[in-house]
Structure formats: C-alpha cells, structure tokens
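This report refers to the structure that appears directly beneath it.
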Amino acid sequence: MKTIYKYIFVLGVAISMGSCSEQLELYPEAQLSEATFWKTAADFKQAANEFYFYLPRPQDLTAVTSDSDFETDDIVNDISSGTNIVPTTDARWSRAYSRLRNVNILLRQANNYSNPQEISQFVGEGYLFRAYLNFDLLKTYGQFVVVDEVLDVDSPQLTAARNTREESANSIITDLEAAIPLLPIESAIPDTDKGRMSSQAASALLARVALFEGTWQKFRGNTDRANELLTKAANAANAVITAGEHELFKGLGDDSYRYLFVMNGPESNPGGLTKNDLSEHVMVAKYDRIIRSQRGNISHAMTSYHSSPTKKLLDMYLCEDGLPISQSPLYKGGNPNDPAIDAEFKNRDLRLSNTFRIPFNEYCPKGQCNIYEPILGSNTLTGYNWIKFVSSEEIQDGEEGYDSPIIRYAEVLLTYAEAVFERDGMISDADLNKSLNVVRARVDMPALTNAFVNANGLDMRTEIRRERTVELAAEGQRLIDLKRWKTAEVEMPMDMLGVKIVGTNYEDDPTAIYPGLKDGYLLFQAASTRNWADKNYLDPMPEDQLNLNPNLGQNPGW
C-alpha cells in the first residue's frame with residue numbers, strides 16, 4: 028500500500044516537462060533521456076504512480092469547484108448565484124493537458140517495450156487515467172481537443188479546434204474499454220498495492236461516464252445516442268455487480284454509513300475497524316496520516332459556518348416508512364405542538380443522522396466531545412451542520428489520513444438503476460432489488476417497488492434521483508447531476524432556506540442571528556438573487572487559451 032502513498036518524481040517525465048510551449052498549455056515534446064528509464068516494468072509502475080496524485084482529496088470534493096455540491100442548491104457563491112464570469116485563466120484546462128502529456132508519454136513508451144504482458148497493468152492504468160482527465164474536461168467544457176499522443180512543437184493539435192462533443196465522449200469510452208481487460212480484478216491486487224486501479228474501477232468509471240453523457244443527451248432530445256450510452260452504463264455497472272469484488276460496508280450497524288467516510292485506524296471508529304475492513308471503495312485515493320496525510324482539514328471545513336447544508340437537502344430524506352415528509356404521518360417537523368428544534372430529525376432515514384448533526388446529541392469532532400447545539404449566526408448559517416466526513420479522532424489539522432472515495436459501490440448500484448430506468452422508461456422490481464434496494468437495505472429503509480410507487484402516488488424517476496442525492500450528499504455529484512438532468516434552471520433559482528424559526532424554540536432565542544425569514548423559515552438567500560442561464564450548463568473557456576488559439580471557440584452564451 029505504501030507504494031501508492033509515496034510521491035515519486037519520474038525522471039523521464041520531469042525532463043519532458045522542462046521545455047514547453049504556452050500555446051493551449053499542450054506541452055510540445057522535449058528531449059527525453061531514456062538511458063536508465065522505461066527499461067523495466069518497475070519503471071512503468073513508478074511512472075504510473077504519479078497518476079494517482081491526480082485524484083481529489085476528500086476536501087477537494089467539497090471545495091468550490093465544478094465537481095462540488097457546495098456550489099449548487101446547497102450553498103451561496105458565484106456558481107449558485109449565476110454571477111460567474113469568463114476567467115482570464117483556468118487551471119483546470121492547463122493542468123489537465125499537463126497531466127495528459129505525462130500519461131501519453133507512458134503509453135508511447137509502452138509501444139516500444141519488449142514484453143507487453145509484463146507492463147499491461149500499467150498501460151491499463153494509463154488508459155484509465157487519460158479517460159479520467161478527459162472526463163473532467165467533458166463535464167466542465169463540453170468539448171475538448173482530443174490528444175492521444177505526445178505533442179511536438181509543430182503538432183496540429185496546438186492550433187486545432189475542439190473536437191465535437193460526441194468525439195470527445197467517445198474518446199473517453201474507448202480508453203476505458205481498452206483499460207478494462209488490461210487491469211486486474213480487485214482481489215488479485217496484492218495488499219502492498221491496494222489502491223491501484225482494477226478492472227472494476229475502470230468499469231465503474233465507464234458506468235459513470237456513460238450515465239452522465241447518456242442522460243445529458245436524453246434531456247436534450249438526442250434519444251438514439253442516449254439509449255446507446257445508457258445501455259453502456261447499465262452493462263458496465265452490471266459488470267461490477269456480477270464480479271462480486273465489492274460490497275457495501277455494514278460493519279458498524281446503524282453507524283456504518285457515518286464511519287465509512289472517516290475510517291482510518293482502529294481508533295477512528297467505535298468498532299476498532301480499519302480500512303482493511305472496507306470493500307465498498309471501487310475507485311479510491313489512498314491516504315495515510317504519517318506517510319501521506321491529506322494536508323487539509325475537512326473535519327473543520329465541514330463544520331464551518333459557510334458549509335452549512337440546507338433545508339432543501341434535509342427535506343429530501345424520507346421517513347422510516349419510505350414516504351416523503353409531505354406524505355408520511357411519521358414526520359414531526361413543523362408540528363405547532365412540538366416546538367423542539369430537533370423534531371424534524373425524528374423517524375427519518377438513518378442516513379440523515381449519519382450526515383447531519385442532530386441538535387442536543389453528543390459528538391466528538393477531532394476528539395473534542397460536546398453536546399451539539401446549533402447557534403444561528405455563530406456555528407451555523409442555516410441551523411444545520413454536517414457530521415459526514417467529520418472525524419472523531421483527536422488529530423492535528425492537516426493530518427487526517429482517511430481515504431477519498433472517488434467511486435463507491437453504492438454509486439455503481441444506483442447508476443445501474445438509473446440507467447435502466449432512463450433507457451427503458453421503467454424498471455422492474457427485480458432490477459431494483461439488485462441495485463437501489465441493496466443501498467436502502469443498509470439503512471433499513473423499505474424497498475422501493477413499483478406497487479409502492481403506484482399506491483402512494485409517487486414518481487419512480489423522482490425516487491431514484493432522491494436516493495442518489497441523499498446517498499452521495501457532499502461527495503461532489505450534485506451539480507453534475509443537475510446539469511445532466513437539465514434541471515438546474517428549476518433547482519437553482521429557489522429560495523435557500525434553513526431551519527424553522529417561527530413556532531420553534533429558535534423564536535425565543537435572543538442570541539439567534541439570521542438574515543431573514545420566509546414563511547417562518549430562516550432565509551439566507553432569496554430566489555431573486557439566484558440566477559441560472561442556459562450558458563451555465565458549460566463553463567466558459569478561459570481568455571488566455573482563446574488568445575493563444577482562437578480556434579478553440581467560446582462556449583455558447585459566454
């Protein structure tokens with residue numbers, strides 16, 4: 028495992044990056060010394076090790092980036108308010124091509140290696156990471172210049188227009204399909220190399236990519252293309268399911284979901300378990316407090332004033348009977364006879380209490396135990412606070428060592444359910460039971476069935492999307508989902524509300540500070556200040572890249 032933690036500077040790659048053209052930030056080829064490198068399988072493994080540092084840390088998932096839940100309908104910033112502008116520069120573009128060059132160098136050198144079988148795993152990793160980097164470009168800009176070779180100073184890609192969206196997406200899918208047979212199954216990876224990519228990781232990423240692009244196309248009227256991609260998504264997810272290499276973590280009973288995200292050594296959880304007890308992570312960025320700490324402080328960030336979750340998210344969690352709060356007799360929130368501020372947390376999906384802090388319960392963030400009492404205007408903006416990703420260990424800032432979940436098995440199960448439903452317009456109970464209901468079973472929620480949906484006047488698509496939203500909350504998927512579903516124009520321009528003030532104990536609290544009220548609830552951003560235009564579905568190309576190569580073209584509306 029430690030080989031994954033170590034940051035290794037690859038001599039050949041470092042030299043190749045020494046001379047570069049600024050045009051497009053697509054670095055041209057420089058002299059590469061091959062006297063002592065690219066001669067053994069160990070050299071290729073060492074080069075591939077660098078790619079693992081391209082994966083995000085847990086705090087990157089919750090930072091204000093294009094992958095973050097915290098710039099959507101859950102928080103206030105330029106993205107959620109629709110006030111972002113064309114940037115002068117954007118490191119996401121230039122950094123991607125810098126990293127793509129490193130991957131392409133490995134793939135080029137592999138063509139010259141005398142024993143291809145000996146390095147096939149690392150070639151597979153190269154294809155996977157090239158797909159991963161390009162998928163970031165697809166999500167962000169919609170189209171990109173497909174670069175599958177090491178560029179020289181006169182390479183035509185340096186002044187080329189971006190490839191079409193279909194060509195861009197297909198290049199990602201092609202790379203992942205090439206990676207799958209080259210990579211080992213998860214159980215064949217030795218303990219010393221745990222964290223390296225498996226064939227299941229490549230299939231899971233293929234499922235994510237195909238679901239993203241398939242639903243993007245479906246909700247923009249391209250049905251044939253959508254169905255082709257949704258079939259790929261369902262098949263790739265099913266490949267992970269039938270492989271039997273992963274399962275949901277259930278080792279801590281009702282607390283399993285909470286501690287899944289902060290699992291470290293035996294002191295990190297009440298059961299004394301370790302990362303070796305997890306098999307839910309299909310694709311993961313490995314960390315270690317001593318060898319490779321996160322060098323951040325997600326426990327602090329997730330409990331900060333400005334990271335407070337919203338009532339909108341809280342209201343999406345079902346009651347224990349499987350019904351939404353608008354229909355369930357078990358819902359206690361808003362009861363004029365019960366002014367307790369924790370009433371709305373009662374009788375709810377277990378994931379709510381494993382994601383949100385419940386008022387007047389004891390928590391031990393960073394080893395400091397206390398009774399959590401929300402103080403409006405002090406420790407919470409909305410009246411709500413996270414417990415997900417918050418460690419209970421007594422550790423110094425920047426020394427957190429739990430892993431970053433890039434793709435969990437739960438997401439694969441939910442991808443299968445959504446892909447089947449969106450392709451077929453329906454989903455059988457059998458398919459629900461092999462996918463979405465496995466996720467529900469971990470938290471003892473009733474199974475979702477067609478009969479239950481029909482009997483209660485529910486909508487299957489809404490329930491599938493709800494399940495994804497609550498299961499993957501704060502894992503960097505929400506904005507991507509709103510974009511691919513083409514619902515951001517509805518979901519983003521809404522009043523952002525917090526806890527109920529009128530008729531609860533907050534109303535009589537003289538220390539409570541809040542910006543405003545709407546229908547008795549804390550209002551921290553009015554819908555009138557939240558804008559969403561069609562142009563926001565894609566980010567703008569940065570000015571410096573357009574100046575270097577006008578053929579790249581700006582995205583619509585920018």
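In the numbering used here, the protein residues as written are 28 to 585. Just so you know, even glycine gets a beta-carbon here, dropped at the ideal spot from N, CA and C.
Among the options, whose alpha-carbon lies nearest the alpha-carbon of residue i?
i, options, result
"Ser-326", "Tyr-436, Val-439 and Ser-419", "Ser-419"
"Tyr-285", "Val-470, Ala-74 and Asn-576", "This sequence places Arg at residue 285; Tyr is not what is there. Comparing Cα-Cα distances from Arg-285 to each of Val-470, Ala-74 and Asn-576, the minimum goes to Val-470."
"Phe-239", "Phe-288, Asp-179, Leu-441 and Phe-551", "Leu-441"
"Gly-428", "Asn-296, Val-289 and Asp-376", "Val-289"
"Ile-132", "Arg-235, Gly-153 and Gly-484", "Gly-153"
"Asn-464", "Arg-488, Ala-437 and Ala-482", "Ala-437"
"Phe-551", "Ser-214, Thr-337, Asp-202 and Leu-160", "Thr-337"
"Pro-432", "Glu-77, Trp-65 and Gln-86", "Gln-86"
"Asn-460", "Asn-265, Pro-83 and Asp-430", "Asn-265"
"Pro-208", "Met-224, Pro-217, Arg-467 and Asn-76", "Met-224"
"Thr-116", "Met-568, Gly-584, Gly-580 and Gln-581", "Met-568"
"Asn-483", "Tyr-541, Ile-352, Glu-371 and Asp-458", "Ile-352"
"Val-417", "Gly-410, Asn-381 and Glu-400", "Asn-381"
"Asp-430", "Asp-561, Thr-301, Tyr-159 and Asn-362", "Thr-301"
"Gly-547", "Ser-455, Gly-299, Arg-493 and Asn-362", "Asn-362"
"Trp-582", "Tyr-159, Asn-190, Arg-84 and Asp-179", "The residue you asked about is not Trp; residue 582 is Asn in the sequence shown. Among Tyr-159, Asn-190, Arg-84 and Asp-179, the Cα nearest to that of Asn-582 belongs to Asn-190."
"Glu-534", "Ala-228, Asp-456, Ser-195 and Ile-402", "Ile-402"
"Leu-185", "Gln-572, Gly-584 and Trp-585", "Gln-572"
"Ala-158", "Ala-237, Pro-183, Val-113 and Ile-212", "Ala-237"
"Gly-151", "Ser-107, Phe-162, Thr-63 and Ala-228", "Ala-228"
Just the C-alpha distance for residue i and residue j, rounded to the nearest angstrom, thanks.
i, j, result
"Tyr-124", "Val-172", "9 angstroms"
"Ile-414", "Val-177", "45 angstroms"
"Leu-51", "Asn-303", "Per-residue confidence for Leu-51 stands at a pLDDT of 46, beneath the threshold of 50, marking its modelled position as unreliable; no derived number is given."
"Ala-539", "Ser-334", "18 angstroms"
"Leu-544", "Ile-528", "8 angstroms"
"Trp-512", "Phe-246", "6 angstroms"
"Ala-328", "Arg-128", "33 angstroms"
"Pro-577", "Ala-188", "8 angstroms"
"Leu-499", "Val-174", "32 angstroms"
"Tyr-358", "Thr-531", "16 angstroms"
"Ser-283", "Tyr-344", "17 angstroms"
"Gly-292", "Lys-221", "16 angstroms"
"Phe-275", "Asn-574", "The sequence given here places Leu at residue 275; Phe does not occur at that position. Roughly 49 angstroms separates the two Cα atoms."
"Tyr-501", "Thr-489", "According to the sequence provided, residue 501 is Ala. The question's Tyr does not apply to it. Rounded to the nearest angstrom, the two C-alpha atoms are 19 angstroms apart."
"Glu-49", "Ser-121", "With a pLDDT of 38 at Glu-49, under the threshold of 50, the modelled position of this residue cannot be trusted; read the value that follows with caution. Spanning the two alpha carbons is a distance of roughly 9 angstroms."
"Gln-354", "Ala-468", "21 angstroms"
"Glu-421", "Asn-296", "12 angstroms"
"Phe-156", "Met-472", "36 angstroms"
"Pro-537", "Arg-192", "55 angstroms"
"Ala-57", "Thr-219", "Annotation note: pLDDT 42 at Ala-57 (below 50); position unreliable, no value reported."
"Lys-72", "Phe-149", "6 angstroms"
"Trp-65", "Leu-210", "20 angstroms"
"Leu-340", "Ser-405", "21 angstroms"
"Ile-216", "Ser-226", "11 angstroms"
"Arg-495", "Phe-372", "20 angstroms"
"Lys-510", "Asp-179", "36 angstroms"
"Tyr-54", "Leu-305", "The predicted position of Tyr-54 is uncertain, since its pLDDT is 40 and thus under 50; a value taken from the coordinates is nonetheless stated next. Each residue's Cα considered, the two are about 40 angstroms apart."
"Glu-77", "Arg-84", "15 angstroms"
"Tyr-32", "Ala-75", "Model confidence at Tyr-32 stands at a pLDDT of 43, short of 50, so the residue's coordinates are unreliable; what they give is reported in the following sentence. The straight-line gap from Cα to Cα measures roughly 13 angstroms."
"Arg-126", "Ser-214", "29 angstroms"
"Pro-356", "Leu-379", "18 angstroms"
"Asn-563", "Pro-143", "45 angstroms"
For residue i, report the span of its alpha helix (DSSP H) as first-last.
i, result
"Val-517", "515-518"
"Tyr-154", "147-168"
"Arg-450", "436-451"
"Lys-339", "338-343"
"Val-526", "Val-526 -> not in any alpha helix (DSSP H); beta strand (DSSP E) instead, spanning 523-527."
"Glu-193", "192-206"
"Ile-540", "Careful: Ile-540 lies outside any alpha helix (DSSP H) and carries neither H nor E."
"Tyr-124", "118-137"
"Ala-264", "250-270"
"Ser-283", "283-287"
If you follow the beta strand (DSSP E) that residue i is part of, which residue opens it and which one closes it?
i, result
"Gly-241", "That residue, Gly-241, is in no beta strand (DSSP E); its alpha helix (DSSP H) goes 226-245."
"Phe-551", "548-552"
Residue i bridges to which residues according to DSSP?
i, result
"Met-310", "Ile-434"
"Ile-398", "Glu-389"
"Trp-413", "Phe-383"
"Thr-407", "Leu-403"
"Arg-223", "Lys-221"
"Arg-622", "In the structure as shown, the chain starts at 28 and stops at 585, and residue 622 therefore has no counterpart that could be examined."
>> For the stretch 245-265 against the stretch 446-462, do three or more pairs of beta-carbon atoms, one drawn from each stretch, fall closer than 8 angstroms, so that the two count as touching?
In response: yes
>> Would you call the stretch 163-171 in contact with the stretch 137-151, where contact means no fewer than 3 C-beta pairs closer than 8 angstroms?
In response: no
>> Whether or not the stretch 269-280 and the stretch 391-409 are in contact is what I'm after, with contact meaning three or more pairs of Cβ atoms, one per stretch, closer than 8 angstroms; do they touch?
In response: no
> Can we say the stretch 512-523 touches the stretch 458-476, given the rule of at least three CB pairs closer than 8 angstroms?
Replying inline: no
> Is the number of C-beta pairs between the stretch 382-391 and the stretch 296-312 that are closer than 8 angstroms three or more?
Replying inline: no
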